[in-house]
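Just below is one structure, and these are the notes that go with it.
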Amino acid sequence: MKLLLKLIFILLFTLLISKAIGQSLTQTVRGKIVDQQSGSAIVGANVIILDTDPLLGGTTDVDGNFRIPDVSVGRHNLKVSFIGYEDSSIPELLVGSGKEVVLYIELRESFVQMEEVVIKATDQEKGKPLNDMALISAQSFSVEETTRYAATFDDPARAVLSLPGVTGGGDDGTNEIVIRGNSPRGVLWRVEGVEVPNPNHFAEEGSSAGAVSMLSNNMLSNSDFFTGAFPAEYGNALSGVFDINLRQGNNEKREYAIQAGLLGLAFAAEGPFSANSKGSYLVNYRYSTVDLIDKIGVEIIEPNEVVTFQDFSFKFQLPTKKAGAFSLWGIGGASSYKYKAIPQERDFIDEDSRNRMMALGLSHIYYFNDDTYLKSIISWSGLENRFLEDSLGQKIQFDESFQHAALRGSFLLNHKFNARNTLRSGVILNQLSYDLFSKFRNIRTDQLQTEVNASGNTQLWQAYTQWQNRPTEELTINTGLHFSYFGLNGNTSLEPRISGRWQFRANQALTAGLGIHSRLEPISLYLAQEQLPEGGYVQPNKSLDLTKAVHYVLGYERKLRPDLKLKTEIYYQHLYDVPIRPDFVTQPWQLINSALNARDGFTTDTLVNNGTGKNYGLELTLEKYFTNNYYFMITGSLFESRYTGADKIERNTRFNSNFATNIIMGKEFKVGKAGNNLIGINGRVIWGGGQRVVPIDLAASRANNRTIYDWDNAFERQLPNYFRMDIGIRYQRNKPKHASIIALNVQNFTGRYNVLDEFYSNRTSDIQTEEQLGLFPNISYRIEF
6 MKLLLKLIFI LLFTLLISKA IGQSLTQTVR GKIVDQQSGS AIVGANVIIL
56 DTDPLLGGTT DVDGNFRIPD VSVGRHNLKV SFIGYEDSSI PELLVGSGKE
106 VVLYIELRES FVQMEEVVIK ATDQEKGKPL NDMALISAQS FSVEETTRYA
156 ATFDDPARAV LSLPGVTGGG DDGTNEIVIR GNSPRGVLWR VEGVEVPNPN
206 HFAEEGSSAG AVSMLSNNML SNSDFFTGAF PAEYGNALSG VFDINLRQGN
256 NEKREYAIQA GLLGLAFAAE GPFSANSKGS YLVNYRYSTV DLIDKIGVEI
306 IEPNEVVTFQ DFSFKFQLPT KKAGAFSLWG IGGASSYKYK AIPQERDFID
356 EDSRNRMMAL GLSHIYYFND DTYLKSIISW SGLENRFLED SLGQKIQFDE
406 SFQHAALRGS FLLNHKFNAR NTLRSGVILN QLSYDLFSKF RNIRTDQLQT
456 EVNASGNTQL WQAYTQWQNR PTEELTINTG LHFSYFGLNG NTSLEPRISG
506 RWQFRANQAL TAGLGIHSRL EPISLYLAQE QLPEGGYVQP NKSLDLTKAV
556 HYVLGYERKL RPDLKLKTEI YYQHLYDVPI RPDFVTQPWQ LINSALNARD
606 GFTTDTLVNN GTGKNYGLEL TLEKYFTNNY YFMITGSLFE SRYTGADKIE
656 RNTRFNSNFA TNIIMGKEFK VGKAGNNLIG INGRVIWGGG QRVVPIDLAA
706 SRANNRTIYD WDNAFERQLP NYFRMDIGIR YQRNKPKHAS IIALNVQNFT
756 GRYNVLDEFY SNRTSDIQTE EQLGLFPNIS YRIEF
């Protein structure tokens, strides 16, 4: 708490002594306007900054580009209109002095041909998915939101924890995403339209999360997040999809950003390749601040620990006159954690954990005409997780090395027939390679036993088609079909999807979605080895099918006023073909086993696809958009998450926390003589049910002097409710040639003790609790020029 008070004092002192700027500062706002369904440039669209006097605006040229110079710094409302298209608006657009504002805006063709353009304010469309085929259980999020929300640390995964139906996996340190009670393993990560491995530092085998994101806010553009019933183009996803877009670098002006904080020292650069080039580059590099501070002799972690990470990302945009537009992009990172035992403290176990990930892609988009385009992506990705645990460097306890690589080709053909009909079809070819090795020390024999030792390759082929039909101006229907083939064992999945949106009144809409979805288990699970009594081994899980789920969703939306929206969804998910232990097992822990309770990792246990599960619930969101310098969002979720294992008994899943409530809010103030500078104060409250655990049988544990679980009542025990308050203070100072931002974000600023887990202690002969991450402050400084 003393450290927190010092950080707050430093920040407030900085704000008080900062000198106000007397002159009014300006910046350029520019971008491109395209047709939403076909992606073709719209020539002659009007772009207006509504709150300027006189009005500032511009018109798009033959390439759909517009440019509005001399826009004063601060927040503005921007409106785009064009005859024959529905208007679009961007509320509270933040304009700073350090970087130009470059926008990419899509307009939807209207059934009604307007005779004239009338400039007036229209309802905002904040949160509307970028993917026009997404009509339900989807929301877009902006880079500005991930930066503004309290204690998100510029991480999109932490930002979506405020959305309805989304909770953490029960551990603040792992940054897991639990969607509607599903296992975190059900989340699909996509970057630039193609699947990528888990893009988080300190990840584990089979996990979709990690303590620190590799995705930098310097690189991100607006992106989509799906919580259910997603369109047909998304496959190999069971619970949700993160569809991340990387922005293009500024192709007219060189710009730079430097940021330093507790979570890393980062540098970003962007600009055109040359003065006459239409292409651009954007690069970002970050290195662990904790390791840098440790190297200069200042200890902020335990002296027997070493924590380090670094990541690099880039995007090169290469447009051509006749051959379409190319982009070369990549993200990658490496992290490690080392722990050296201290025998004097009766600590005898050393740990060495390493994680590396990389994804590279070449994307190409070619427009055959104004209505048809082909998008092609060739990508390569690799993921490596290493873990070594030994006794003082003498006796190995665990030795694991998991290496995965994927060569992917994704090809999407989009054709807009007219304002009513659009067809989008594609194929995704995945060549998956693996080199897996894992050994552990068997406590009964005191010998190392192999869990998996396999290398080779296999394939996942995917194909999809989806059709958007608009019978009327108010009704939109999307139908689609996704097909998957897993080459390792020949299993397939055919998945129909349908969704609709009916705007039955100007301020009200009904939405619905239905679809089948599937996801592979980690490759290591299919290839795990089970040792035979007579020697040798078998691979009992090689023929496992894909886990599947049917999603049903109904929604209702109402605009209470132009900047206040009420949204509710009810859903039901039926999960089937879930891996569980076979009927003939006899041990209690085997009978209750299910993949729906897994966070990460793999198992050598024999599994069959006889498990089922169900998730159902109600979600409610009341959101006040960022207008009049303040915003808030209140979300509530009530849900049940159940599963059935080999014992045929329906139980709570590990992630059935039953309820979740989030409140985020913020207020912004203009400061300085000309109002050029901004102070933002933001807060977040998270309150939800605790995670489920297997109860500990205290009497049996005392009798055996070790932990004994009550498997008959598995996951009936619920940890205490989770409660956390986060705060953030942000000050942006604009100068003629640069902008600087100093921010303090504090996670769990009240220092509340949230329970992570329970364990039996031989020392106390009682059940003890393990604490979640406590108060965590992060102060950062950023300069843009």
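Taking the working numbering, the leading residue of the sequence shown gets 6, the next gets one more, and so forth. In this text, a Cβ means the ideal position worked out from N, Cα and C, and glycines have one as well.
Supposed contact pair residue j and residue i - C-beta distance, whole angstroms, cut 8 angstroms
i    : j    : result
G650 : L683 : Actually they are not in contact, since the Cβ atoms of G650 and L683 sit about 54 angstroms apart, beyond 8 angstroms.
V148 : N222 : 5 angstroms
R697 : R729 : So it is not a contact: roughly 19 angstroms between Cβ atoms.
D588 : T552 : Going by Cβ atoms, the distance from D588 to T552 rounds to 19 angstroms, so no, they are not a contact pair.
T57  : I38  : Not quite, the Cβ-Cβ distance comes to about 19 angstroms (not below 8 angstroms), so this is no contact.
G733 : A156 : 6 angstroms
A744 : G103 : 3 angstroms
G170 : S498 : Rounded, the Cβ-Cβ distance is 24 angstroms, inconsistent with contact.
V48  : V67  : 6 angstroms
Contacting residues, own chain, Cβ-Cβ under 6 angstroms from residue i (five flanking each side not counted)
i    : result
F491 : L465
K263 : Reading the sequence as shown, one finds Ile at residue 263 and not Lys. The answer, listed in chain order, is F272 and I788.
T427 : Q42, K421 and Q473
V555 : I521 and H579
G245 : I184, V192, F231 and T232
L1   : Limits of the chain in this structure are 6 at one end and 790 at the other, which puts residue 1 out of reach.
I95  : L83
I141 : A234, S504, T516, G518, V558 and G560
R425 : R475
G240 : Q467, H487 and S489
E120 : Unreliable placement is indicated for E120, whose pLDDT of 46 sits below 50; the coordinate value is still reported in the next sentence. Excluding positions up to five away in sequence, the list is empty.
Cα-Cα separation between residue i and residue j, rounded to whole angstroms
i    : j    : result
Q41  : L486 : 22 angstroms
V295 : T774 : 28 angstroms
D605 : E405 : 14 angstroms
Q32  : Y727 : 44 angstroms
R413 : I382 : 8 angstroms
N256 : K564 : 38 angstroms
G495 : L549 : 10 angstroms
A46  : E150 : 28 angstroms
G269 : Y292 : 5 angstroms
Q467 : L703 : 50 angstroms
E197 : G695 : 35 angstroms
E97  : V78  : 12 angstroms
Q315 : S282 : 31 angstroms
Option nearest residue i by Cα separation, candidates the options
i    : options                   : result
N661 : K653, K675, I669 and A603 : A603
F488 : E149, L434 and G36        : L434
L225 : P189, T152, I383 and V590 : T152
V107 : R72, L388 and A162        : R72
R647 : R475, A719 and N710       : A719
S714 : Q723, K675 and Y765       : The question names Ser, but residue 714 is Tyr in the sequence shown. Of the candidates Q723, K675 and Y765, the one whose C-alpha sits nearest the C-alpha of Y714 is Y765.
D177 : Y758, F790 and S770       : Y758
Y531 : L441, N598, E479 and G335 : L441
W194 : F207, L220 and N458       : L220
V165 : N360, R80 and I182        : I182
P725 : V676, Q777, M638 and F674 : Q777
G186 : L749, S318, P204 and G693 : G693
N620 : Y577, G69 and N681        : Y577
E526 : N51, S599, G215 and A274  : S599
F353 : N360, R359 and Y344       : Y344
T172 : K672, E624 and K742       : E624
E209 : R391, A274, I772 and Q144 : R391
Neighbourhood of residue i by C-beta distance below 8 angstroms, restricted to the same chain and skipping five residues each side
i    : result
L780 : M6, L9, V751, Q752, N753, F754, T755 and G756
R446 : K400, I401, Q402, F403, Q452, L453 and Q454
A126 : Only weak support is given to the placement of A126: the predicted model assigns it a pLDDT of 40, under 50, and the value that follows is read from those uncertain coordinates. Taken in chain order, the residues that qualify are L55, N82, K84, S94 and P567.
I306 : V295, D299 and V312
Neighbour flag for residue i against chain C, beta carbons, 9 angstroms
i    : result
T179 : Considering every chain present, this structure includes no chain C. It has just one protein chain.
Close Cβ partners of residue i (< 7 angstroms) along its chain, the five nearest in sequence each way excluded
i    : result
I347 : N309
T712 : I701, S706, F764 and Y765
Please give the ranges of any alpha helix (DSSP H) in the stretch 285–354, keeping only runs that are unbroken, at least 4 residues long and fully inside the region. 294–300
In chain order, each beta strand (DSSP E) run of at least 3 residues that lies wholly inside the stretch 651–729: 655–657, 664–676 and 682–693
Quick check for students: name the residue ranges of the beta strand (DSSP E) that lie wholly in the stretch 413–481, counting only runs of 3 or more. 426–447 and 452–474
Alpha helix (DSSP H) segments (min. 4 residues) lying fully within the stretch 569–641: 593–596
What runs of the alpha helix (DSSP H), each 4 residues or longer, lie entirely inside the stretch 520–578? 528–531
Quick check on the DSSP output: what are the complete alpha helix (DSSP H) runs of length 4 or more inside the stretch 114–198, in order along the chain? 148–153 and 161–164
Along the chain, which unbroken stretches of the beta strand (DSSP E) at least 3 residues long are found entirely within the stretch 253–283? 260–266 and 269–277
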